[in-house]
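J.: What follows is a structure written as structure tokens; I'll ask about it next.
Number of protein chains: 2
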Amino acid sequence: MKLYAVGIGPGDAEYLAPRAREVILDCDCIVGYSGYMKLMGELASGKELIATGMTGENERCKTAIQEALSGKKVCVVSSGDAGIYGMATLLYELAEAHPSLEVEVVPGITAAISAAAILGSPLANDFAVISLSDLLTPWEVIEKRLDLCNMADMAICIYNPSSKKRSDYLMKACQIALRHKPGGTKCGYVRNALRGEDSQALVLTLEELSSAQVDMFTTVIIGNSATRVIGGKLVTARGYRI
Amino acid sequence: MKLYAVGIGPGDAEYLAPRAREVILDCDCIVGYSGYMKLMGELASGKELIATGMTGENERCKTAIQEALSGKKVCVVSSGDAGIYGMATLLYELAEAHPSLEVEVVPGITAAISAAAILGSPLANDFAVISLSDLLTPWEVIEKRLDLCNMADMAICIYNPSSKKRSDYLMKACQIALRHKPGGTKCGYVRNALRGEDSQALVLTLEELSSAQVDMFTTVIIGNSATRVIGGKLVTARGYRI
Numbered sequence: 021m022k023l024y025a026v027g028i029g030p031g032d033a034e035y036l037a038p039r040a041r042e043v044i045l046d047c048d049c050i051v052g053y054s055g056y057m058k059l060m061g062e063l064a065s066g067k068e069l070i071a072t073g074m075t076g077e078n079e080r081c082k083t084a085i086q087e088a089l090s091g092k093k094v095c096v097v098s099s100g101d102a103g104i105y106g107m108a109t110l111l112y113e114l115a116e117a118h119p120s121l122e123v124e125v126v127p128g129i130t131a132a133i134s135a136a137a138i139l140g141s142p143l144a145n146d147f148a149v150i151s152l153s154d155l156l157t158p159w160e161v162i163e164k165r166l167d168l169c170n171m172a173d174m175a176i177c178i179y180n181p182s183s184k185k186r187s188d189y190l191m192k193a194c195q196i197a198l199r200h201k202p203g204g205t206k207c208g209y210v211r212n213a214l215r216g217e218d219s220q221a222l223v224l225t226l227e228e229l230s231s232a233q234v235d236m237f238t239t240v241i242i243g244n245s246a247t248r249v250i251g252g253k254l255v256t257a258r259g260y261r262i
Numbered sequence: 021m022k023l024y025a026v027g028i029g030p031g032d033a034e035y036l037a038p039r040a041r042e043v044i045l046d047c048d049c050i051v052g053y054s055g056y057m058k059l060m061g062e063l064a065s066g067k068e069l070i071a072t073g074m075t076g077e078n079e080r081c082k083t084a085i086q087e088a089l090s091g092k093k094v095c096v097v098s099s100g101d102a103g104i105y106g107m108a109t110l111l112y113e114l115a116e117a118h119p120s121l122e123v124e125v126v127p128g129i130t131a132a133i134s135a136a137a138i139l140g141s142p143l144a145n146d147f148a149v150i151s152l153s154d155l156l157t158p159w160e161v162i163e164k165r166l167d168l169c170n171m172a173d174m175a176i177c178i179y180n181p182s183s184k185k186r187s188d189y190l191m192k193a194c195q196i197a198l199r200h201k202p203g204g205t206k207c208g209y210v211r212n213a214l215r216g217e218d219s220q221a222l223v224l225t226l227e228e229l230s231s232a233q234v235d236m237f238t239t240v241i242i243g244n245s246a247t248r249v250i251g252g253k254l255v256t257a258r259g260y261r262i
């Protein structure tokens with residue numbers, strides 16, 4: 021018996037892999053965060069839809085497993101990729117008690133990739149992906165990771181840069197970056213990357229980023245010493261002699 | 021005038037985003053590494069194909085720019101995502117001298133994501149992507165990044181783990197990881213991720229990985245302290261109470 025963890029990419033059908041589309045169309049039941057269900061569009065037509073709220077991850081995955089065990093074809097959808105801050109791990113953990121159930125992860129384009137493509141090519145060399153959400157990871161661990169990855173002169177893609185309860189986290193992350201990178205370091209952020217007309221992108225310095233107001237639908241990229249701006253785009257050099 | 025840097029994903033058409041497919045079909049001329057051109061299949065039919073060898077990145081991008089300036093619709097294809105160790109940066113750098121030319125990056129599923137999906141969900145929390153190729157980045161820089169990211173207890177996805185000239189680099193990378201992570205740390209690697217029948221995946225310990233023989237078509241993932249094996253899959257916990 022299979023249960024699918026499907027990454028739907030940024031949300032626009034243009035960036036949904038054919039395999040993900042196929043799996044969703046083949047399922048009887050789609051489970052997901054209510055905010056993303058509207059991105060499903062025509063794919064959801066005629067399906068049983070089970071939507072839960074933003075902190076309902078546990079409930080969502082348990083429901084998906086029960087539905088799958090009852091014989092339905094079920095997929096749990098995550099925006100971006102299901103394996104990157106998505107539902108895949110929780111499904112594996114909860115499905116462990118049901119050996120008849122096999123979890124398959126269907127990959128999607130994660131926000132780091134869609135945001136980078138809009139900004140230019142800021143992640144062209146070694147980079148780190150770090151979430152500022154301290155709901156599941158202690159802030160001290162996040163802080164240490166930010167510190168060491170900036171020390172390593174890596175470009176850093178930041179997920180969940182802000183929320184109502186932690187509106188100053190991006191500022192804190194920038195202050196940590198400023199221990200190792202100059203204030204003029206080139207950065208950028210994208211809101212609703214590749215999600216139709218709502219997409220907003222901005223290229224700015226690390227200094228400017230530290231006082232920027234962003235929301236939880238924003239993906240932030242802090243460049244490294246090889247990042248510069250070419251024609252308005254954020255580009256990290258790889259080192260080719262041109 | 022537009023020039024496209026297109027990521028074709030792992031190589032199987034099932035994982036090629038509709039937007040990438042559309043752009044390729046709309047182009048007159050496809051430029052790429054000869055080894056990947058065969059992955060283009062029917063998409064390449066009727067197109068002018070310009071293939072160059074593995075170290076011909078400069079030549080490849082210069083040719084693409086000349087063809088675009090001559091009025092053709094041109095795309096440069098990279099496997100995975102064009103912005104992650106792909107051709108996007110070089111195109112931006114070389115196109116800087118031609119203000120009439122606009123480079124657009126069309127995102128794709130990079131090897132970190134396709135390999136992670138096959139292995140399970142090893143990149144479910146903060147992670148780093150590091151290439152072991154020292155053609156463009158000095159080994160000391162790579163070594164420092166490996167050291168600091170392992171110290172930060174992040175999962176690490178390794179690109180270009182080996183080649184004929186540097187067959188011991190993965191072993192060196194594992195030795196650096198072993199400074200900070202126990203030998204029993206769960207790891208995995210995938211050869212030809214999601215590229216049809218050729219795909220090979222293995223879950224093993226960091227100790228075992230240090231003596232593994234892999235080639236340049238392999239993507240390696242080193243877990244962190246929250247990575248474990250569930251039903252043969254490599255799963256990094258996010259911290260939900262289940």
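Residue numbers (my numbering), protein chains in the order written: chain A, 21 to 262; chain B, 21 to 262. We put the beta carbon where it would ideally sit given N, CA and C, even for glycine. A quick note: this is a predicted structure, and the numbers were derived from the prediction, not measured.
Hey, could you find the ends of the beta strand (DSSP E) K253(B) is sitting in?
T.: Taken as a continuous stretch (DSSP letters only), the beta strand (DSSP E) holding K253(B) covers 253-256.
J.: Looking only at DSSP bridge pairs, what is T7(A) linked to?
T.: Summary: the structure shown does not reach residue 7(A), with chain A confined to residues 21 through 262, and so no result is reported for it.
J.: What residues in its chain sit with their C-beta under 6 Å from that of K92(B), if we drop five residues either side in the sequence?
T.: So the qualifying residues of the chain are D48, C49.
J.: So, helix, strand or coil for V43(A), using DSSP?
T.: Three-state result, V43(A): helix.
J.: So, is the C-beta of T256(B) closer than 8 Å to a C-beta in chain A?
T.: At least one chain A Cβ lies under 8 Å of T256(B).
J.: Going by DSSP, name the residue or residues bridged to K92(A).
T.: DSSP output for K92(A) lists no bridge partner at all.
J.: Is G100(B) near the ligand SAH, going by C-beta to nearest heavy atom under 7 Å?
T.: For the structure depicted, the ligand SAH is absent and the ligand set is empty, with no information on it obtainable.
J.: Quick test of your reading: M191(A) and A148(B), contact by CB under 8 Å. State the CB separation rounded to the nearest angstrom.
T.: The Cβ separation is near 23 Å, so there is no contact.
J.: Using 8 Å as the cut-off, can you tell me whether the segment 115-134 of chain A makes contact with the segment 22-29 of chain A, which would need three or more C-beta pairs spanning the two stretches below that distance?
T.: Segments in contact, yes.
J.: For K185(A) versus G243(A), is the C-beta distance shorter than 8 Å?
T.: It is not a contact, given that the beta carbons lie outside the stated cut-off.
J.: Select from E79(A), I70(A), I44(A) the residue whose C-alpha is nearest the C-alpha of E62(A).
T.: Ranking E79(A), I70(A), I44(A) by Cα distance to E62(A) puts I44(A) first.
J.: Taking the alpha helix (DSSP H) that R248(B) falls in, what are its first and last residues?
T.: Looking at the DSSP string, R248(B) is not in any alpha helix (DSSP H); the run it does join, the beta strand (DSSP E), is 247-250.
J.: Could you check whether the Cβ of R186(A) sits closer than 8 Å to any Cβ belonging to chain B?
T.: Answer no: the Cβ-Cβ gap between R186(A) and chain B never drops below 8 Å.
J.: Along the chain, where does the alpha helix (DSSP H) that runs through T109(B) open and close?
T.: Looking at the DSSP string, the run of the alpha helix (DSSP H) that includes T109(B) is 108-115.
J.: Short check: CB of M74(B) to CB of Y105(B), under 8 Å?
T.: The answer is no: Cβ separation not under 8 Å.
J.: Kindly indicate which three-state DSSP category S151(B) falls into: helix, strand or coil?
T.: Note: S151(B) maps to strand in three-state DSSP.
J.: Specify, as a first and last residue, the run of the alpha helix (DSSP H) that R165(B) falls within.
T.: 159-171 is the span of the alpha helix (DSSP H), which, as asked, contains R165(B).
J.: If you drop the 5 nearest sequence neighbours on each side, which residues of the same chain put their C-beta closer than 8 Å to that of G203(B)?
T.: Around G203(B): T225, L226, E227.
J.: Taking V126(A) as the query, report the chain B residues whose CB atoms sit under 8 Å from its CB, ordered along the chain.
T.: Those within 8 Å of V126(A) in chain B are A137.
J.: Distance cutoff 8 Å, beta carbons only. Does Y53(B) sit that close to anything in chain A?
T.: Chain A, which has no Cβ nearer than 8 Å to the Cβ of Y53(B), makes this no.
J.: Residues of chain A with CB under 7 Å from S141(B), in chain order?
T.: Those within 7 Å of S141(B) in chain A are G103, A108, T109, Y112, V125.
J.: At a Cβ threshold of 8 Å, is N145(A) touching chain B?
T.: At least one chain B Cβ lies under 8 Å of N145(A).
J.: Under a CB-based cut-off of 8 Å, is N212(B) close to chain A?
T.: Chain A contact via Cβ: absent.
J.: Can we say the segment 233-250 of chain A touches the segment 132-146 of chain A, given the rule of at least three CB pairs closer than 8 Å?
T.: Yes: the two stretches touch, three or more of their Cβ pairs being nearer than 8 Å.
J.: Helix, strand or coil, according to DSSP, for A232(B) in the structure here?
T.: Reduced to three states, the DSSP call for A232(B) is coil.
J.: According to DSSP, is S98(A) helix, strand or coil?
T.: Strand, per DSSP.
J.: Using alpha carbons as the reference points, say which of S151(B), R199(B), V97(B), K82(B) lies closest to N170(B).
T.: Cα-wise, what sits closest to N170(B) is R199(B).
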